[in-house]
Amino acid sequence: MVHKKTIHARKLRKTLIKAFYGKCWFCGSIEHLEFFHIIPTELNGRGRGFLKRMYDIAKNPTCYGLACKDCHYLYDNGILEDNDINV
Ligand SMILES: [Zn+2]
0 MVHKKTIHAR
10 KLRKTLIKAF
20 YGKCWFCGSI
30 EHLEFFHIIP
40 TELNGRGRGF
50 LKRMYDIAKN
60 PTCYGLACKD
70 CHYLYDNGIL
80 EDNDINV
């Protein structure tokens, strides 16, 4: 059985993705979307818990962007920059 909290987190993620234009901000892809930090928040790094992350995004929407897996990697490595954002 899926935990209630997990269902809640997934619903929240869906809502947030919609609010973030539903596509990668760099290439426009709609697959493998991930949120990335534009401005660091208190919740940096990975593995802080999925629900906590979703709450942090909802609380600080201007600190995050949406990117596909590939663009997220390129952004984290400084190959894509803020001015490559296309939304
Ligand atoms: Zn992309």
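Position one of the sequence shown corresponds to residue 0 (numbering that gives the first Met the number 0), numbered consecutively onward.
Positions of the beta carbon are idealized from the N, C-alpha and C atoms, including for glycine.
Every value quoted in this text rests on a predicted model; they were computed, and no experiment measured them.
Query: Return yes when at least one heavy atom of ligand 1 lies under 6 Å from the C-beta of Phe19, else no.; Result: no
Query: Should the segment 49-68 be called in touch with the segment 7-16, which here means at least 3 C-beta pairs below 8 Å?; Result: yes
Query: So the beta strand (DSSP E) Cys67 belongs to, where does it begin and stop?; Result: 63-67
Query: Among residues of its own chain, excluding the 5 on either side of His7, which ones have a beta-carbon nearer than 8 Å to its beta-carbon?; Result: Leu50
Query: How many angstroms separate the CA atom of Glu30 from the CA atom of Leu65?; Result: 11 Å
Query: Along the chain, where does the alpha helix (DSSP H) containing Leu79 start, and where does it finish?; Result: Leu79 -> no alpha helix (DSSP H), and no H or E assigned at all.
Query: So which residues put a beta carbon under 5 Å from any heavy atom of ligand 1, going in chain order?; Result: Cys23, Phe25, Cys26, Ser28, Cys67, Cys70
Query: Would Cys62 pass as a contact of Phe25 if the rule is Cβ separation under 7 Å?; Result: no
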